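Student:
Residue numbers (the numbering used here): 527 to 992.
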């Protein structure tokens, strides 16, 4: 994985500040206490149209677990450190009245930046000005972020998709009346959205009303989660604390600390990190950016195209928009390798390489392309299943070849696609899929082919993502 790619895996799973105090004794509520129970109600008064100013500070430090040393069992590790700062105006679009309903909000980011160090390399991802407007949806534990103004890059998505999502925090409040010392359970969906895990296998989380005054209530929380992200097993132990503003009826401060131990996998490196997060929320009477005129025409649901991610090769020679399940593994010059994970399982790999304009040559026939494939696969080659040629609307054509064979004695399918643009330039997309994953893979290769674009040969420098 490229050094830049490493931080993407770290930032997407990390959390934010302040260890919570030890849990107080008291009854644990699995359901709402009756209306005649003693105590107070700490219900959220967030409503559609609410305006908040949110500030987030995230700090992460620890080790990336890379490939194991030859002949050993311990992974090679690399030190990493991240500091991310976010500030945004948030306008609630919809409050989830029950678990089957999504919560929605719009955000305008005044600040979205991170400083990341991995080994000796340093990076500073930023959110483009043209992508400062972000839509957020939380449904059944899944958080979806997108920009109505165009696709995000992976860097940008991971920069804004941090833990401690401000749209989730009201889910930490008690389900009924409570007194100091009372405890209640937090749902697995809430914890999944709070920690950004793709799959939850087991979650133990509870909250305690630790302190109560006329002005505020302090809630202490702790738990452990076992799950998967990108097909990699992860265990997260966490503690948190939040403050509920009683007159306002809102959570206005949240702090989280965690330790994550994520196994190394086919999609990315493992992690052994400590993270702290702090979220501050201040209510506003009037929006600065998210006025009625600004949000009136925005879609309630994102167009599927807006959920794709944009990618440009390091040399600027080609670009594509891809499904969010594809993760960048490595990149160099005119080539890149992606891997696809779906529902916690590794599905396929795609390797892409394009010939630069200076190496433009004569066109290759479909038969020649098949001969090159047979030679490249060698003893792993089994048989050609089908081969086809299709025109491109922009000019040129695609070859697509399906091959069955074996790799390490495992039945696999290879899909090869070659683009020839009519000017002598070529690009090849090579997919390898285990036979057991063919159905789950679906038409993923054809989707990438449709989204793949060679850069204008007249453009000397890498094009900017629009």
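Backbone N, C-alpha and C define an ideal beta-carbon position, used for all residues, glycine too. Since this is a predicted model, take the numbers as computed values, not measurements.
Which residue comes first and which comes last in the beta strand (DSSP E) that contains residue 944?
Tutor: Counting from one through the chain shown, the residue named residue 944 turns up at place 418. Start and end: 936-946.
Student: Where do the N-terminal and C-terminal ends of the beta strand (DSSP E) with residue 760 fall, by residue?
Tutor: Along the chain shown, one-based indexing puts residue 760 at 234. Run containing residue 760: 758-771, per the beta strand (DSSP E) assignment.
Student: Have a look at 749, 739 and 726 and flag the residue whose alpha-carbon is nearest the alpha-carbon of residue 733.
Tutor: The residue you call residue 733 lines up with position 207 of the chain shown. Closest option to residue 733, Cα to Cα, is 749.
Student: Buried or exposed: residue 839, going by 16 or more other Cβ atoms within 10 Å of its Cβ?
Tutor: Position 313 of the chain shown, counted from the first residue, corresponds to residue 839. Its Cβ being crowded by 16 or more others within 10 Å, residue 839 is buried.
Student: Measure how close the beta-carbons of residue 854 and residue 680 come, nearest whole angstrom, since I'm counting them as under 8 Å.
Tutor: Residue numbering aside, residue 854 sits at position 328 when the chain shown is read from its first letter. Residue numbering aside, residue 680 sits at position 154 when the chain shown is read from its first letter. Yes, they are in contact, since the Cβ atoms of residue 854 and residue 680 sit about 6 Å apart, within 8 Å.
Student: Tell me which same chain residues have a C-beta within less than 7 Å of the C-beta of residue 922, skipping the five on either side of it?
Tutor: Taking the first residue of the chain shown as position 1, residue 922 is located at position 396. The residues are 945, 946, 947 and 948.
Student: Which whole-angstrom value describes the C-beta separation of residue 568 and residue 743, a residue pair presumed to lie in contact below a C-beta threshold of 8 Å?
Tutor: Locating residue 568 in the chain shown gives position 42, counting from the first residue. Locating residue 743 in the chain shown gives position 217, counting from the first residue. Correct: roughly 5 Å between the Cβ atoms.
Student: I want to see whether chain C comes within less than 9 Å of residue 760, judged by CB atoms only; does it?
Tutor: Annotation note: the requested chain C is absent from the structure, which comprises a single protein chain.
Student: Taking residue 691 and residue 653 to be in contact with their CB atoms under 8 Å, please state how far apart those CB atoms are, rounded to whole angstroms.
Tutor: Here residue 691 is taken as the residue at index 165 of the chain shown, counted from 1. Here residue 653 is taken as the residue at index 127 of the chain shown, counted from 1. Incorrect: roughly 16 Å between the Cβ atoms, too far for contact.
Student: If you run the structure through DSSP and keep just helix, strand and coil, what is residue 656?
Tutor: Here residue 656 refers to the residue found at position 130 when the chain shown is read from its first residue. In the structure shown, residue 656 sits in a helix (DSSP, three-state: H, G or I).
Student: Quick one, are the C-beta atoms of residue 694 and residue 726 less than 9 Å apart?
Tutor: Within the chain shown, numbered from 1, the residue matching residue 694 stands at position 168. Within the chain shown, numbered from 1, the residue matching residue 726 stands at position 200. No; because the gap between Cβ atoms is not below 9 Å, this pair is not in contact.
Student: Can you give me the Cβ contacts of residue 582 inside the same chain, cut-off strictly under 6 Å, excluding the 5 residues immediately before and after it?
Tutor: Looking up residue 582 in the chain shown gives position 56. Excluding positions up to five away in sequence, the list reads 612 and 805.
Student: Could you name the residues of the same chain whose beta carbon sits closer than 7 Å to that of residue 825, not counting the 5 residues immediately before and after it, in chain order?
Tutor: Locating residue 825 in the chain shown gives position 299, counting from the first residue. Only 674 meet the Cβ criterion.
Student: How many angstroms separate the CA atom of residue 565 from the CA atom of residue 771?
Tutor: Sequence index remark: in the chain shown, residue 565 carries index 39 (1-based). Sequence index remark: in the chain shown, residue 771 carries index 245 (1-based). Using only the alpha carbons, I get a separation of about 16 Å.
Student: Considering only DSSP beta bridges, list what residue 909 is partnered with.
Tutor: By one-based count along the chain shown, residue 909 stands at place 383. Residue 909 is bridged to 930.
Student: Kindly confirm or deny that the segment 908-925 and the segment 887-897 touch, where touching means at least three C-beta pairs closer than 8 Å.
Tutor: The segment 908-925, when compared against the segment 887-897, does touch it at the 8 Å Cβ threshold.
Student: Going by CA-CA distance only, name the one from 619, 899, 904 and 779 that's closest to residue 926.
Tutor: By one-based count along the chain shown, residue 926 stands at place 400. Residue 926 has its Cα closest to that of 899, out of 619, 899, 904 and 779.
Student: Using the three-state DSSP reduction, which class does residue 967 fall into: helix, strand or coil?
Tutor: Translated into positions along the chain shown, residue 967 becomes position 441. Residue 967: helix per DSSP, three-state reduction.
Student: Fully enclosed by the segment 763-830, which alpha helix (DSSP H) runs are 4 residues long or longer?
Tutor: DSSP runs (the alpha helix (DSSP H)) wholly in the segment 763-830: 818-821.
Student: Look up residue 604 in the DSSP assignment and give the residues it is bridged to.
Tutor: Start at 1 with the first residue of the chain shown, and residue 604 comes out as number 78. 590, per the DSSP bridge assignment.
Student: In chain order, what residues of the same chain have a beta carbon less than 8 Å from the beta carbon of residue 975, not counting five sequence neighbours either side?
Tutor: Translated into the one-based positions of the chain shown, residue 975 becomes position 449. Same-chain partners within the cutoff: 924, 926, 943, 945 and 955.
Student: Apart from the five residues just before and just after residue 641, which ones in its own chain have a Cβ nearer than 6 Å to its Cβ?
Tutor: Looking up residue 641 in the chain shown gives position 115. Around residue 641: 609 and 650.
Student: What does a CB cutoff of less than 6 Å around residue 580 pick up in its chain, not counting 5 residues either side in sequence?
Tutor: Sequence index remark: in the chain shown, residue 580 carries index 54 (1-based). Only 614, 616, 692 and 807 meet the Cβ criterion.
Student: Just the C-alpha distance for residue 629 and residue 716, rounded to the nearest angstrom, thanks.
Tutor: On the chain shown, residue 629 is found 103 positions in, with the first residue counted as 1. On the chain shown, residue 716 is found 190 positions in, with the first residue counted as 1. Going by the C-alpha atoms only, they are around 12 Å apart.
Student: Tell me whether residue 977 sits in a helix, a strand or coil according to DSSP, three-state version.
Tutor: As a position in the chain shown, residue 977 is number 451, starting the count at 1. In this structure, residue 977 counts as helix in the three-state DSSP scheme.
Student: Closer than 6 Å by C-beta to residue 757: which residues in its own chain qualify, once you throw out the five before and the five after it? Chain order, please.
Tutor: Along the chain shown, read from residue 1 onward, the residue named residue 757 stands at position 231. 791, 793, 867, 870, 871 and 872.
Student: Rounded to the nearest angstrom, what separates residue 842 and residue 979 at their Cα positions?
Tutor: Locating residue 842 in the chain shown gives position 316, counting from the first residue. Locating residue 979 in the chain shown gives position 453, counting from the first residue. Computed Cα separation, rounded: 11 Å.
Student: Pull up the distance between the alpha-carbon of residue 706 and that of residue 737, whole angstroms please.
Tutor: Reading the chain shown from its first residue, position 180 is the one you call residue 706. Reading the chain shown from its first residue, position 211 is the one you call residue 737. Spanning the two alpha carbons is a distance of roughly 6 Å.
Student: Taking the continuous alpha helix (DSSP H) assigned at residue 714, which residues delimit it?
Tutor: For the purposes of this step, residue 714 is identified with residue 188 of the chain shown, where counting begins at 1. Where residue 714 is concerned, the enclosing alpha helix (DSSP H) stretches over 714-721.
Student: What does the alpha-carbon distance come out to for the pair residue 929 and residue 865?
Tutor: For the purposes of this step, residue 929 is taken as the residue at position 403 of the chain shown. For the purposes of this step, residue 865 is taken as the residue at position 339 of the chain shown. Each residue's Cα considered, the two are about 19 Å apart.
Student: The beta strand (DSSP E) with residue 669 in it runs from where to where?
Tutor: As a working mapping, residue 669 is identified with position 143 in the chain shown. From DSSP, the beta strand (DSSP E) with residue 669 extends over 668-672.
Student: In this structure, what does DSSP give as the bridge partners for residue 914?
Tutor: Against the chain shown, residue 914 aligns to sequence position 388. In DSSP, residue 914 forms a bridge with 926.
Student: Spatial neighbours of residue 774 within its chain, please: C-beta separation below 8 Å, excluding the five flanking residues on both sides.
Tutor: Residue 774 sits at position 248 when you count from the first residue of the chain shown. So the list reads 571 and 809, once near-sequence residues are dropped.
Student: When you compare each of 789, 836, 696 and 851 to residue 776 by their alpha carbons, which one comes out closest?
Tutor: The sequence position of residue 776 within the chain shown is 250, counting from 1. Answer by Cα proximity: 696.
Student: In the DSSP output, what is residue 642 paired with across the bridge?
Tutor: Looking up residue 642 in the chain shown gives position 116. Paired residue(s): 608 and 649.
Student: Where residue 683 and residue 973 are concerned, what is the direct C-alpha to C-alpha distance, given to the nearest angstrom?
Tutor: Along the chain shown, one-based indexing puts residue 683 at 157. Along the chain shown, one-based indexing puts residue 973 at 447. For residue 683 and residue 973, the distance between alpha carbons rounds to 21 Å.
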